[in-house]
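Step one of this worksheet: look at the structure below.
Numbering (my numbering), first residue to last: 19 to 411.
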């Protein structure tokens, strides 16, 4: 068992009743006739995975974001259903959506106490962005302070779980610049303060080093990508590294790079950036592994988040690749799996009920074949998935 923090080497019995974990017993005790017993040999049980950065309105094919604005309501519903199905089949039992079109994902969340048939959805609504900024077509453009304050109020009224702000441009939105900030320092601080005053945490999309530094100064609660890009490549300053580690700011959507073959069809902005910096696909991978490894060794907190749905290599249900990337960068298997379970639950403010195998917690469970502690690749060998105590696979 991996309980959310550590592996145990011996057999274990997990008792599930009424959607919750009713007990965790060492070995295989006689539990009596009241219980239905399901046995797995040569397998590992762990909490259901939590993907902290998904886009349920995207279809998992290349250039997926380009199609979002044109979907009908029915097409959008079908895309969301397919994404949730893929996640659940891969052992992801909770998703945090950070790129809604309007509030389609937020409105899809089932009522509390209803039957559980899909992963738990945490929602942000459309990301807040500057006029014409990254992912502006999702409906989150804010041009002035009045619009910013109004956007935060709307998210409170809609009951979102977190506010996402595009602190930098994005690689998939033409006309934006990943190296530059999208808001002034004062405006970003205003947005963060407004959200905090309303009781909402904030996570910031930040690729360029200036956006990372700006987001830290504004006191965001989390960061997506945290690429620390400059015109000469990745540069993580000692000050940034120390601040990230000291504050334990969770970093999501930071783990992994596209396969080298996919760079031939990369968006123009990515190709231009690579040409400008003289970077090859192999250099991108090596640079990212080095950066993630350095951050990990410094004590920076990564969480499982794959930017799921925006391309074929970041399809819904492939978060295991992000976990494997963290191991490749030097993390222990236990730390990497914790990033996708207990640490992710903490980042999503649901650590009181998800992310651990503990009595009273939601019975979101994943069983994979073999000994996961010895081979992170076993995350792809799905034996069964329970969501809210019900077997989904």
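Glycine included, each C-beta is placed from N, C-alpha and C at the ideal position.
All values derive from a computational prediction rather than experimental measurement.
Contact defined as beta carbons within less than 8 Å: I believe residue 263 pairs with residue 316. What is the distance between those atoms, to the nearest angstrom? Position 245 of the chain shown holds residue 263. Position 298 of the chain shown holds residue 316. Indeed, because the Cβ distance is near 5 Å, the residues count as touching under 8 Å.
Taking the alpha carbon of residue 252 as the reference point, which residue from 205, 238, 58 and 313 has its own alpha carbon closest? By 1-based counting over the chain shown, the position of residue 252 is 234. Out of 205, 238, 58 and 313, 313 has the C-alpha closest to the C-alpha of residue 252.
If you drop the 5 nearest sequence neighbours on each side, which residues of the same chain put their C-beta closer than 7 Å to that of residue 247? Walking along the chain shown from the start, residue 247 turns up at place 229. Excluding residues within five positions, the ones whose Cβ falls inside 7 Å are 196, 197, 225, 226 and 227.
Cβ-Cβ separation, residue 180 to residue 221 (assumed contact under 8 Å), whole Å: In the chain shown, residue 221 corresponds to position 203, counting from 1. In the chain shown, residue 180 corresponds to position 162, counting from 1. Right, the Cβ-Cβ distance comes to about 6 Å (below 8 Å), so this counts as a contact.
With distances taken between CB atoms, is the gap from residue 319 to residue 266 smaller than 9 Å? For this step, residue 319 is matched to residue 301 along the chain shown. For this step, residue 266 is matched to residue 248 along the chain shown. Yes, these two residues count as a Cβ contact at 9 Å.
Less than 9 Å between the beta carbons of residue 61 and residue 156, yes or no? Taking the first residue of the chain shown as position 1, residue 61 is located at position 43. Taking the first residue of the chain shown as position 1, residue 156 is located at position 138. Cβ distance not < 9 Å, so residue 61 and residue 156 don't count as in contact.
With a Cβ-Cβ cutoff of 9 Å, do residue 322 and residue 337 count as a contact? Taking the first residue of the chain shown as position 1, residue 322 is located at position 304. Taking the first residue of the chain shown as position 1, residue 337 is located at position 319. The beta carbons of residue 322 and residue 337 sit closer together than 9 Å.
Per DSSP, cross-strand counterpart(s) of residue 301: Counting from 1 along the chain shown, the entry for residue 301 is found at position 283. Its beta-bridge partners do not exist; DSSP assigns none.
Given residue 398, which residues of its chain have a CB within under 7 Å of its CB, disregarding the five upstream and five downstream residues? Here residue 398 is taken as the residue at index 380 of the chain shown, counted from 1. Contacts found: 338.
State the start and end residues of the unbroken beta strand (DSSP E) segment that holds residue 72. Taking the first residue of the chain shown as position 1, residue 72 is located at position 54. Counting along the chain, the beta strand (DSSP E) containing residue 72 begins and ends at 67 to 72.
Within a Cβ cutoff of 7 Å, which residues of the same chain sit near residue 300, ignoring the five residues on either side of it in sequence? Taking the first residue of the chain shown as 1, we reach residue 300 at position 282. These residues qualify, in order along the chain: 278.
Taking only runs of the beta strand (DSSP E) that begin and end inside the region 340 to 402, which ones reach a length of at least 3 residues, in chain order? 383 to 387
Own chain partners of residue 413 with C-beta closer than 6 Å, once the 5 adjacent residues on each side are dropped: As shown, the chain starts at 19 and ends at 411. That puts residue 413 outside it, with no answer to give.
Check whether residue 67 and residue 334 have beta carbons under 9 Å apart: Taking the first residue of the chain shown as 1, we reach residue 67 at position 49. Taking the first residue of the chain shown as 1, we reach residue 334 at position 316. Going by C-beta atoms, residue 67 is not nearer than 9 Å to residue 334.
If I measure Cβ to Cβ from residue 144 and keep anything under 8 Å in the same chain, skipping five residues before and after, which residues do I get? As a position in the chain shown, residue 144 is number 126, starting the count at 1. So the qualifying residues of the chain are 117, 118, 119, 120, 121, 153, 156, 157 and 158.
Take residue 344 and list the residues in its own chain whose beta-carbon comes closer than 8 Å to its own, dropping the five residues that flank it on each side. Here residue 344 corresponds to residue number 326 of the chain shown, with the count starting at 1. Excluding residues within five positions, the ones whose Cβ falls inside 8 Å are 273, 310, 314, 320, 353, 354 and 357.
Which full runs of the alpha helix (DSSP H) of 4+ residues lie inside the region 215 to 254, going along the chain? 227 to 235
What is the residue span of the beta strand (DSSP E) that residue 33 lies within? Taking the chain shown and counting its residues from 1, the one referred to as residue 33 is at position 15. Residue 33 -> beta strand (DSSP E) spans 30 to 35.
Would you mind sorting residue 173 into buried or exposed? The rule is 16 or more other CB atoms within 10 Å of its CB. On the chain shown, position 155 is the one that residue 173 refers to. Buried, because 16 or more other Cβ atoms sit within 10 Å of the Cβ of residue 173.
Kindly confirm or deny that the region 375 to 386 and the region 35 to 44 touch, where touching means at least three C-beta pairs closer than 8 Å. These segments touch.
Going by alpha carbons, who is nearest to residue 405 out of 390, 393, 77 and 381? Locating residue 405 in the chain shown gives position 387, where the first residue counts as 1. Residue 381 is the option with its Cα nearest to residue 405.
Within its chain, find whatever has a CB closer than 6 Å to the CB of residue 371; leave out the 5 residues flanking it on each side and keep chain order. Along the chain shown, one-based indexing puts residue 371 at 353. Closer than 6 Å at the Cβ level, and outside the excluded window around residue 371, lie 379 and 380.
Alpha carbon to alpha carbon, how far is residue 408 from residue 134? Mapped onto the chain shown, residue 408 falls at position 390. Mapped onto the chain shown, residue 134 falls at position 116. Roughly 8 Å separates the two Cα atoms.
Looking at the secondary structure, which residues open and close the beta strand (DSSP E) in which residue 140 lies? Taking the first residue of the chain shown as position 1, residue 140 is located at position 122. Judged by DSSP secondary structure, residue 140 falls within the beta strand (DSSP E) whose first and last residues are 138 to 141.
Around the Cβ of residue 364, are there at least 16 other Cβ atoms within 10 angstroms (buried) or fewer (exposed)? In the chain shown, the residue the question calls residue 364 occupies position 346. Result: buried.
Going by alpha carbons, who is nearest to residue 162 out of 341, 206, 187 and 185? Within the chain shown, residue 162 is the residue found at index 144, counting from 1. Residue 206 is the option with its Cα nearest to residue 162.
In chain order, what residues of the same chain have a beta carbon less than 6 Å from the beta carbon of residue 108, not counting five sequence neighbours either side? Translated into positions along the chain shown, residue 108 becomes position 90. Around residue 108: 335.
Endpoints, beta strand (DSSP E) assigned at residue 291: What you label residue 291 is simply residue 273 of the chain shown in a count that begins at 1. Per DSSP, residue 291 belongs to no beta strand (DSSP E); it is in the alpha helix (DSSP H), 286 to 295.
Euclidean distance between Cα positions of residue 307 and residue 346: Position 289 of the chain shown, counted from the first residue, corresponds to residue 307. Position 328 of the chain shown, counted from the first residue, corresponds to residue 346. So the two alpha carbons sit approximately 8 Å from each other.
State the DSSP-derived secondary structure class of residue 439, mapped to helix, strand or coil. One cannot answer for residue 439 here, as it falls past the ends of the chain, which runs 19 to 411.
Is the beta carbon of residue 294 sitting closer than 9 Å to the one on residue 249? Locating residue 294 in the chain shown gives position 276, counting from the first residue. Locating residue 249 in the chain shown gives position 231, counting from the first residue. Cβ atoms of residue 294 and residue 249: closer than 9 Å.
Report buried or exposed for residue 2, applying the criterion of at least 16 other Cβ atoms within 10 angstroms of its Cβ. Examination of residue 2 is not possible in this model, given that the chain is present from 19 through 411 alone.
Do you know whose CA, among 291, 123, 113 and 393, lies nearest residue 359's CA? Taking the first residue of the chain shown as position 1, residue 359 is located at position 341. Of the candidates 291, 123, 113 and 393, the one whose C-alpha sits nearest the C-alpha of residue 359 is 113.
Local Cβ density within 10 Å of residue 282, reported as buried at 16 or more and exposed below that: Position 264 of the chain shown, counting from 1, holds the residue named residue 282. That one is exposed.
Would you say the beta carbon of residue 244 is closer than 8 Å to some non-hydrogen atom of the ligand SAM? The ligand SAM is not part of this structure, which contains no ligands at all.
In whole angstroms, give me the CA-to-CA distance for residue 193 and residue 167. Indexing the chain shown from 1 puts residue 193 at position 175. Indexing the chain shown from 1 puts residue 167 at position 149. So the two alpha carbons sit approximately 26 Å from each other.
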